[in-house]
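Visitor: One structure follows; several queries about it will come next.
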Amino acid sequence: MIEVQGLHKEFKTPVVKDGSFAGLRALFSREYTVKQAVQNISFRIEPGEFVGYIGPNGAGKSTTIKMLAGILHPSSGNVRVNGMDPHQQRRQVVRRLGVVFGQRSQLWWDLPVKDSYDILAKMYRVDDKDKHERLEEFAAILDLKEFWDTPVRKLSLGQRMRADLGAAMLHNPDILFLDEPTIGLDVNAKRNIRSFLKLLNKDFGKTILLTTHDMDDIEQLCSRVMVINHGQLTYDGTVKSLRENIGLPTIIKVSYLENIKSSNVAKFHHEAVKVIDHTERTITVEANRNRIGTMQILAQLGEWGELADVEMQEPDFEDVIHKVY
2 MIEVQGLHKE FKTPVVKDGS FAGLRALFSR EYTVKQAVQN ISFRIEPGEF VGYIGPNGAG
62 KSTTIKMLAG ILHPSSGNVR VNGMDPHQQR RQVVRRLGVV FGQRSQLWWD LPVKDSYDIL
122 AKMYRVDDKD KHERLEEFAA ILDLKEFWDT PVRKLSLGQR MRADLGAAML HNPDILFLDE
182 PTIGLDVNAK RNIRSFLKLL NKDFGKTILL TTHDMDDIEQ LCSRVMVINH GQLTYDGTVK
242 SLRENIGLPT IIKVSYLENI KSSNVAKFHH EAVKVIDHTE RTITVEANRN RIGTMQILAQ
302 LGEWGELADV EMQEPDFEDV IHKVY
C-alpha cells in the first residue's frame with residue numbers, strides 16, 4: 002500500500018550576512034546552511050494497518066507526511082502509494098488519499114460546512130448520489146448536522162476537526178494521513194475523533210498513518226508504531242515490543258495475610274527487582290520483566306508469607322516515549 006525506500010529530505014537556507022544591505026546580499030549569495038530533515042528512512046505499510054508515527058518537535062514527522070502526499074519532493078529516495086509515485090502521478094494518488102492537518106483546514110473559512118463539501122465533491126468528481134450517501138453516513142457518526150449551516154470560521158476546534166475528517170473521507174480514499182488530528186481538543190472531542198478513526202480502520206478497512214504527541218492516541222488506536230528522531234527512524238514495531246525493549250520497570254504491590262518481617266525486606270537483593278516501599282503487610286517493588294518473570298517474582302515474595310492480593314502497574318507510555326527520545 003505504502004512503500005518508502007531511502008527517503009531523504011534536506012532544506013537549504015541562505016546564510017544571512019552582517020552589515021548594510023545584509024538581506025540583499027543574502028539574496029544573491031551562494032552560501033547556504035543545510036538542514037537534514039529526513040535521513041534515509043525506509044518502511045512499508047500494508048493495507049488496513051493503523052500506524053502511529055511519533056517523535057519530538059522537528060524530528061521530521063510532518064516533512065515525511067508531506068512527501069508521502071506529494072506536497073514536498075524528496076531530495077533522494079523513492080515513495081510509492083498504491084504503486085504510484087505521488088510526485089509524478091499526483092492526481093491519481095490524491096484520488097485515493099485523504100489528508101488532515103490538525104492546524105490547517107481544507108474547508109473554506111467563510112462558507113458554511115455544507116458548501117465546502119459541495120465544492121470538494123466537484124473537485125474530486127464525486128457524483129451526487131455517492132456524495133449524499135457518504136455525507137449521511139459521516140454526518141451521523143460525527144454529528145455534522147449540528148453545525149451544517151455554520152461558517153467554518155465560527156466552528157470550535159473540535160467541530161472543525163470533525164468537519165475536516167468528513168471532508169477528507171468524502172471521496173472515499175483508501176489511505177488516510179493524519180497530522181496531529183487531536184491537538185488542542187478537549188476530552189470529549191478526542192473521544193469522538195478516536196471512535197471515528199477506529200470505525201474507519203476496523204469496519205471500512207482504511208489504511209491510516211497518524212502523527213501525534215498524544216500517547217493515548219497511540220495506545221488506543223495503533224497496532225504499530227514508528228519512532229523518528231533527528232530525521233532518522235529509530236524504532237518500528239508494536240507498542241508492546243517498544244515497552245519491552247525500553248525495559249522500564251513494572252510496579253508490583255503485594256499484600257500479605259499476616260505481618261512480614263522487616264529483616265526479610267532488609268536482606269532482600271535481586272539485580273532485576275528493587276524494593277521501593279513496604280509496610281507491615283505490604284511490599285512494593287520495581288521489576289524489570291525483561292530479566293525476570295512475574296511468577297518468579299511472586300515465588301520469591303511468597304516465601305515471606307501467604308499472599309492476599311497482587312497489584313501490577315505497567316510504566317506509563319509517556320515515560321516509554323520520553324526514554325526513546
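Position one of the sequence shown corresponds to residue 2 (our numbering), numbered consecutively onward. For glycine and all other residues, C-beta sits at the position ideal for the given N, C-alpha and C.
Helix, strand or coil, according to DSSP, for Gln37 in the structure here?
Guide: It is a strand residue.
Visitor: Helix, strand or coil for Lys199, going by three-state DSSP, please let me know.
Guide: Three-state DSSP puts Lys199 in a helix.
Visitor: If I measure Cβ to Cβ from Thr283 and keep anything under 6 Å in the same chain, skipping five residues before and after, which residues do I get?
Guide: Result list for Thr283: Ser256, in chain order.
Visitor: Candidates Gly84, Val325, Lys67 and Val274: which alpha carbon is nearest Ser372's?
Guide: As shown, the chain starts at 2 and ends at 326. That puts residue 372 outside it, with no answer to give.
Visitor: For Lys207, which of helix, strand or coil comes out of DSSP?
Guide: The answer is coil: DSSP assigns Lys207 none of H, G, I, E or B.
Visitor: Go ahead and pull the three-state DSSP assignment for Tyr54.
Guide: Three-state DSSP puts Tyr54 in a strand.
Visitor: Out of Leu73, Lys241, Ile298 and Asp111, which has the shortest C-alpha to C-alpha gap to Val321?
Guide: Residue Lys241 is the option with its Cα nearest to Val321.
Visitor: By Cβ distance, which residues of its chain are closer than 8 Å to Lys1, with the 5 residues on each side in sequence left out?
Guide: Here the chain comprises residues numbered 2 to 326, so residue 1 is not present and cannot be evaluated.
Visitor: Where does Tyr33 land, buried or exposed, given buried means 16+ other C-beta within 10 angstroms?
Guide: It is exposed - the Cβ of Tyr33 has fewer than 16 other Cβ atoms within 10 Å.
Visitor: Going by the CB atoms, is the gap between Ile253 and Gly306 shorter than 7 Å?
Guide: Taking 7 Å as the Cβ cut-off, Gly306 and Ile253 do not qualify as a contacting pair.
Visitor: Cα separation between Lys115 and Asn58?
Guide: Distance between the alpha carbons of Lys115 and Asn58 is about 34 Å.
Visitor: Quick one: using the 10 Å Cβ neighbour count with 16 as the cut-off for buried, is Lys207 buried or exposed?
Guide: Flag for Lys207 reads buried.
Visitor: Grouping DSSP H, G and I as helix and E and B as strand, with all else coil, what is Asn230?
Guide: Strand.
Visitor: Expressed to the nearest angstrom, what Euclidean distance is found between the alpha-carbon atoms of Lys324 and Ile247?
Guide: Taking the straight line joining both Cα atoms gives about 7 Å.
Visitor: Since Ser77 sits in a beta bridge, which residues does DSSP pair it with?
Guide: Answer is His9.
Visitor: The beta strand (DSSP E) with Ile253 in it runs from where to where?
Guide: It spans Thr251 to Tyr257 - the beta strand (DSSP E) in which Ile253 sits, taken as one unbroken run.
Visitor: Note the first and the last residue of the continuous alpha helix (DSSP H) segment covering Gly99.
Guide: First-last for Gly99: Leu98 to Phe102, but that is the beta strand (DSSP E), not the alpha helix (DSSP H).
Visitor: Give me whichever residues DSSP pairs with Pro113 in a beta bridge.
Guide: For Pro113, which the question treats as bridged, DSSP gives the partners Pro152.
Visitor: Within 10 Å of its beta-carbon, does Ile277 have 16 or more other beta-carbons around it, so buried, or fewer, so exposed?
Guide: It is exposed - the Cβ of Ile277 has fewer than 16 other Cβ atoms within 10 Å.
Visitor: Given a cut-off of 7 Å on the beta-carbon distance, is the pair Leu98 and Val80 in contact?
Guide: Not closer than 7 Å, so no.
Visitor: With C-beta atoms as the reference, is Pro250 less than 7 Å away from Glu287?
Guide: Contact: yes.
Visitor: From Gly303 to Glu315, what distance separates their C-alpha atoms?
Guide: Roughly 21 Å between the two C-alpha positions.
Visitor: Hey, Val39 and Ile46 are a contact pair by Cβ (cut 8 Å); roughly how many whole angstroms apart?
Guide: The Cβ separation is near 16 Å, so there is no contact.
Visitor: State yes or no: is the beta carbon of Ala288 nearer than 7 Å to at least one beta carbon in chain D?
Guide: Among the protein chains of the structure shown there is no chain D, as only one such chain exists.
Visitor: Taking Asn189 as the reference, give the member of Gln89, Met85, Leu143 and Ala60 with the closest Cα.
Guide: Closest by alpha carbon: Leu143.
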